[in-house]
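> Provided herewith is a single structure, encoded as structure tokens, for subsequent inquiry.
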């Protein structure tokens, strides 16, 4: 009995000693020493969710720790964003969001956090340029036709979008501003239903990302009239630049943010891991299969873009809401 | 077409397809049975696995999770009155009443048979009619959706109980609760009193568990019987005769569910309720519904599973996902190099048919998996009541919390639990409340879209361009009145 309890005591002691030793080495050890949570302020099954599933299944190779996706939808993305804003700035809670939630919402609503001061960008994963789409049998053969028709009949053209201040609404609004025309903006619950409205004839025009369009394009069900940016995506389709819509219009950037105050070495580790994804063959193959690009840029470079977006969106919202 | 079908049939006959499908079905059922865990989450997490499998293996795996999860949701609904999704609400009504009578096995068997029948029939119908359905889907826009949702609410209120005034009061309360939060169209906050937690509205899960499970727990506790009867028996299995007696109901619900599946944006909740209401209306003894009628379980389950077939149509023919589940499937298709859309059938027709045929076989396989699993699940109610009740309470709270890790939801659970207990005491049915709450937001959204589409000329728009929606709107009050009158007629014998 005595010997038994002594052995037990010895075991306990050894275990305790090991735990202390482990925690001591852990304190010395490099970040990350436990799994990292990546919060998505959106629901399950969306394109952000799919992107995140691919990222989190590959990035452990470089971080040597698991990365867990936590979906926190609600209040148009504010719920998840607030959660990360309030989280400890230790690099164990990250936010995977996009530029409209990140930079535009502050001009539309009162937020329970300050996006400019509460976050620092870690990496932009990729971005998607939007395309202006009409039905295959639409009378508008070119963007000029559509613009002329829109100016001739202000509000007569029905434009289906994926929700107010969302990825289709904002470029449409920016376009209306830049080209001095008026569309009747009708909200749908997502890009899919908006596309269906176009195909069914309820809407005259909508927008979509090329990765989701190819099936419709190949069959001739839809026609692309213009694409975002300065470089042509389709050989015979003009860019926003060519039709007179300049600037960072119509791009959805998927970005990873961390709470402000995250230590520099932690930021450096995370940055290196995200940069490494671009070279990872499994990652590029899986993203390619999803039809997503990989255009990783680091935090400081994206921060400059955030500041520009902030200014642009402020002007846009002021112009739209003052009417 | 026929040769694609035959080729696809050959492709689907693979042992690894069947093995992963069985795995998906079983895992899906377990996940679906746990309140708070959704099949959607399970599918999203397991999606990357499918990237590494062949299309004819990976996609049936995901479909298995989905189908297993659908049935899984009805297990807690029947056993402990804890529907984890809106689709299981109608099932829990008669299902839990049967459990209380000691017939939980019969209820689970009926749910399984009706689900599998409804799903299989609608899948086969979809395979045969995929292109006509694709054309039909296009006829439904926001005005039609609004009209059908409004009609559904009227039918639910009219058929829910003997007192339509009480049902209407509860439904209006549900509609009001649904309006709390941020207005989905204008972005204006309503009834939030500046509380951030209310900004995204009241979540569904705490309400479902609160108003359905908590009052039943409270009832058992307050009655304080030494040995609760139901706790000792799980009863016999369903007989073939009993299924035969409900067969008409199952068929009716399958037709209703399939039709509702064709209308984009309606979904399983409406299907289950409409199937249930129709069965109640057609029954010679409508007053028995809600008291433990096997037909009630059959009606709800056949209808909500029959939605599955047609919801695949916009995904396959247009490449447009109608909901989150089909969005994940779209991801799986695309990752396999299959681009759903008009050309998919021309280029990869055999693969598409192989997947659709695998879907039908998944149903048949689930019949066996479910049948063998039911005795294990129904053992739950044989646990001693002093253990079962704390377990149910634990699952109620844990499930609510795990859903989105928000402690406010626990508070909501308690509030709705107390509300449910009071409503039960005052003999108010909570079903119309929940249906108003679930169907209110899509109806409001569809109405807002319609207003935006009309450009100000509402009457002209409806009468001139949308005669289908107009007809449904005109007919709704009469249908509601006739159903109510029928419900009032108590059999004389």
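Residue numbers (this note's numbering), protein chains in the order written: chain A, 4 to 326; chain B, 11 to 503.
Idealized CB from N, CA, C, for every residue including glycine.
1. Among A:188, A:323, A:288, A:147, which has the Cα closest to the Cα of residue 159 (chain A)?
2. Interface residues of chain A around residue 210 (chain B) at Cβ under 9 Å?
3. Take residue 145 (chain A) and list the residues in its own chain whose beta-carbon comes closer than 7 Å to its own, dropping the five residues that flank it on each side.
4. Verify the CB distance criterion: does residue 146 (chain B) have a CB-CB separation below 8 Å to chain A?
5. Starting from residue 414 (chain B), find everything on chain A with Cβ-Cβ shorter than 7 Å and list it in chain order.
6. Kindly confirm or deny that the stretch 130–146 of chain A and the stretch 225–244 of chain A touch, where touching means at least three C-beta pairs closer than 8 Å.
7. Below 7 Å on C-beta distance, what does residue 465 (chain B) contact in chain A?
8. For residue 473 (chain B) and residue 207 (chain A), I'd like the C-alpha separation in whole angstroms.
9. Count the other CB atoms within 10 Å of the CB of residue 102 (chain A); is the residue buried (16 or more) or exposed (fewer)?
10. Would you verify that the beta carbon of residue 410 (chain B) is, or is not, closer than 8 Å to some beta carbon of chain A?
11. Output yes or no for whether 8 Å exceeds the beta carbon distance between residue 307 (chain B) and residue 120 (chain B).
12. Can you give the beta carbon distance from residue 281 (chain B) to residue 314 (chain B), rounded, assuming they're within the 8 Å contact cut?
13. Could you name the residues of chain B that residue 224 (chain A) contacts, counting a contact when the two beta carbons are closer than 7 Å?
14. Tell me whether the beta-carbon of residue 26 (chain B) lies closer than 8 Å to the beta-carbon of residue 216 (chain B).
15. I need the DSSP call for residue 56 (chain A), collapsed to helix, strand or coil.
16. Cβ of residue 185 (chain A) within 8 Å of Cβ of residue 178 (chain A)?
17. Quick check on this structure: which residue in B:284, B:318, B:246 has the alpha carbon closest to the alpha carbon of residue 272 (chain B)?
18. By the criterion of Cβ-Cβ separation under 7 Å, what are the contact partners of residue 255 (chain B) in chain A?
19. Using a cut-off of 8 Å between C-beta atoms, extract the partners of residue 289 (chain A) located in chain B.
20. Using the three-state DSSP reduction, which class does residue 321 (chain B) fall into: helix, strand or coil?
21. With a threshold of 8 Å between beta-carbons, can residue 52 (chain A) be considered close to chain B, or not?
22. What did DSSP end up calling residue 272 (chain A) once you bin it into helix, strand or coil?
23. Does the beta carbon of residue 205 (chain A) sit closer than 8 Å to a beta carbon anywhere in chain B?
24. Could you spell out where the beta strand (DSSP E) holding residue 47 (chain B) opens and where it closes?
25. Which residues in the same chain have their Cβ closer than 6 Å to the Cβ of residue 152 (chain B), if we skip the five residues on either side of it in sequence?
26. Would you verify that the beta carbon of residue 195 (chain B) is, or is not, closer than 8 Å to some beta carbon of chain A?
27. Judging by CA-CA distance, which residue of A:211, A:324, A:123, A:106 is the nearest neighbour of residue 94 (chain A)?
28. Run through DSSP, which three-state label would residue 135 (chain B) get?
29. State the CB to CB distance for the pair residue 373 (chain B) and residue 129 (chain B), rounded to an integer number of angstroms; the pair is presumed to be in contact (CB under 8 Å).
30. Using C-beta distances below 6 Å, list every residue in its chain close to residue 313 (chain A), excluding the 5 sequence neighbours before and after it, in chain order.
31. Could you spell out where the alpha helix (DSSP H) holding residue 260 (chain A) opens and where it closes?
32. Between the alpha carbons of residue 496 (chain B) and residue 161 (chain A), how many angstroms are there, rounded?
33. In chain order, what residues of the same chain have a beta carbon less than 6 Å from the beta carbon of residue 85 (chain B), not counting five sequence neighbours either side?
34. Give a yes or no on whether 8 Å exceeds the smallest Cβ distance from residue 324 (chain B) to chain A.
35. Give the single residue among A:241, A:86, A:164 whose Cα lies nearest to the Cα of residue 117 (chain A).
36. Starting from residue 331 (chain B), find everything on chain A with Cβ-Cβ shorter than 7 Å and list it in chain order.
Looking at the atomic coordinates:
1. On the first chain, residue 159 (chain A) is found 156 positions in, with the first residue counted as 1. Out of A:188, A:323, A:288, A:147, A:188 has the C-alpha closest to the C-alpha of residue 159 (chain A).
2. Residue mapping note: residue 210 (chain B) aligns to position 200 of the second chain, counting from 1. Result: 76, 77, 78, 79, 81, 82.
3. As a first step, residue 145 (chain A) must be located in the first chain, where it is residue number 142. Excluding sequence neighbours, residue 145 (chain A) sits near 228.
4. The residue labelled residue 146 (chain B) in the question sits at position 136 within the second chain. It does not; no Cβ of chain A falls within 8 Å.
5. Numbered from its first residue, the second chain carries residue 414 (chain B) at position 404. Residues of chain A passing the Cβ test: 75.
6. yes
7. Working through the second chain from its first residue, we reach residue 465 (chain B) at position 455. Ordered by position in chain A, the residues that pass the 7 Å Cβ test against residue 465 (chain B) are 158, 187.
8. Translated into positions along the second chain, residue 473 (chain B) becomes position 463. Translated into positions along the first chain, residue 207 (chain A) becomes position 204. About 21 Å.
9. Position 99 of the first chain, counted from the first residue, corresponds to residue 102 (chain A). Looking at its Cβ environment, which holds 16 or more other Cβ atoms inside 10 Å, residue 102 (chain A) is buried.
10. The residue labelled residue 410 (chain B) in the question sits at position 400 within the second chain. No, residue 410 (chain B) does not count as interfacial toward chain A.
11. Locating residue 307 (chain B) in the second chain gives position 297, counting from the first residue. Locating residue 120 (chain B) in the second chain gives position 110, counting from the first residue. For residue 307 (chain B) and residue 120 (chain B), yes; Cβs fall inside 8 Å.
12. As a working mapping, residue 281 (chain B) is identified with position 271 in the second chain. As a working mapping, residue 314 (chain B) is identified with position 304 in the second chain. Their Cβ separation, rounded to whole angstroms, is 5 Å, which keeps residue 281 (chain B) and residue 314 (chain B) in contact under 8 Å.
13. For the purposes of this step, residue 224 (chain A) is taken as the residue at position 221 of the first chain. The answer, in chain order, is 352.
14. Counted from its first residue, the second chain places residue 26 (chain B) at position 16. Counted from its first residue, the second chain places residue 216 (chain B) at position 206. No.
15. Locating residue 56 (chain A) in the first chain gives position 53, counting from the first residue. Three-state result, residue 56 (chain A): helix.
16. Looking up residue 185 (chain A) in the first chain gives position 182. Looking up residue 178 (chain A) in the first chain gives position 175. No. Outside cutoff.
17. One-based indexing of the second chain puts residue 272 (chain B) at position 262. Taking the Cα of residue 272 (chain B) as reference, the smallest distance to any Cα among B:284, B:318, B:246 is reached at B:318.
18. In the second chain, the residue the question calls residue 255 (chain B) occupies position 245. Neighbours of residue 255 (chain B) in chain A, taken as residues at a C-beta separation under 7 Å, are lacking, since the least C-beta distance is about 39 Å.
19. Along the first chain, read from residue 1 onward, the residue named residue 289 (chain A) stands at position 286. Going along chain B in sequence order, the residues near residue 289 (chain A) (Cβ under 8 Å) are 58, 61, 345.
20. By 1-based counting over the second chain, the position of residue 321 (chain B) is 311. Residue state, collapsed to three classes: helix.
21. On the first chain, position 49 is the one that residue 52 (chain A) refers to. By this cut-off, residue 52 (chain A) is an interface position.
22. Here the question's residue 272 (chain A) lines up with position 269 in the first chain. Here residue 272 (chain A) sits in helix by DSSP.
23. Here residue 205 (chain A) refers to the residue found at position 202 when the first chain is read from its first residue. Residue 205 (chain A) counts as touching chain B.
24. Your numbering for residue 47 (chain B) matches position 37 in the second chain. Note, residue 47 (chain B): premise wrong, no beta strand (DSSP E); not H, not E.
25. The count along the second chain starts at 1 and reaches residue 152 (chain B) at position 142. Cβ neighbours of residue 152 (chain B) beyond the five flanking positions: 456, 459, 460.
26. Residue mapping note: residue 195 (chain B) aligns to position 185 of the second chain, counting from 1. Yes, contact with chain A.
27. If you number the first chain from 1, residue 94 (chain A) lands on position 91. With distances taken between Cα atoms, residue 94 (chain A) lies closest to A:123.
28. As a position in the second chain, residue 135 (chain B) is number 125, starting the count at 1. DSSP places residue 135 (chain B) in helix when its eight states are reduced to three.
29. Translated into the one-based positions of the second chain, residue 373 (chain B) becomes position 363. Translated into the one-based positions of the second chain, residue 129 (chain B) becomes position 119. Indeed, because the Cβ distance is near 5 Å, the residues count as touching under 8 Å.
30. On the first chain, position 310 is the one that residue 313 (chain A) refers to. A distance below 6 Å between beta-carbons, with the five flanking residues on each side excluded, links residue 313 (chain A) to the following residues of its chain, in chain order: 106.
31. Residue 260 (chain A) sits at position 257 when you count from the first residue of the first chain. Counting along the chain, residue 260 (chain A) falls outside any alpha helix (DSSP H), though it belongs to the beta strand (DSSP E) covering 254–262.
32. By 1-based counting over the second chain, the position of residue 496 (chain B) is 486. By 1-based counting over the first chain, the position of residue 161 (chain A) is 158. Using only the alpha carbons, I get a separation of about 44 Å.
33. Within the second chain, numbered from 1, the residue matching residue 85 (chain B) stands at position 75. Closer than 6 Å at Cβ, skipping near neighbours: 43, 387.
34. Here residue 324 (chain B) corresponds to residue number 314 of the second chain, with the count starting at 1. Answer yes: the Cβ-Cβ gap between residue 324 (chain B) and chain A drops below 8 Å somewhere.
35. Sequence index remark: in the first chain, residue 117 (chain A) carries index 114 (1-based). Minimum Cα distance to residue 117 (chain A) is reached at A:86.
36. Start at 1 with the first residue of the second chain, and residue 331 (chain B) comes out as number 321. Per Cβ cutoff of 7 Å: 195.
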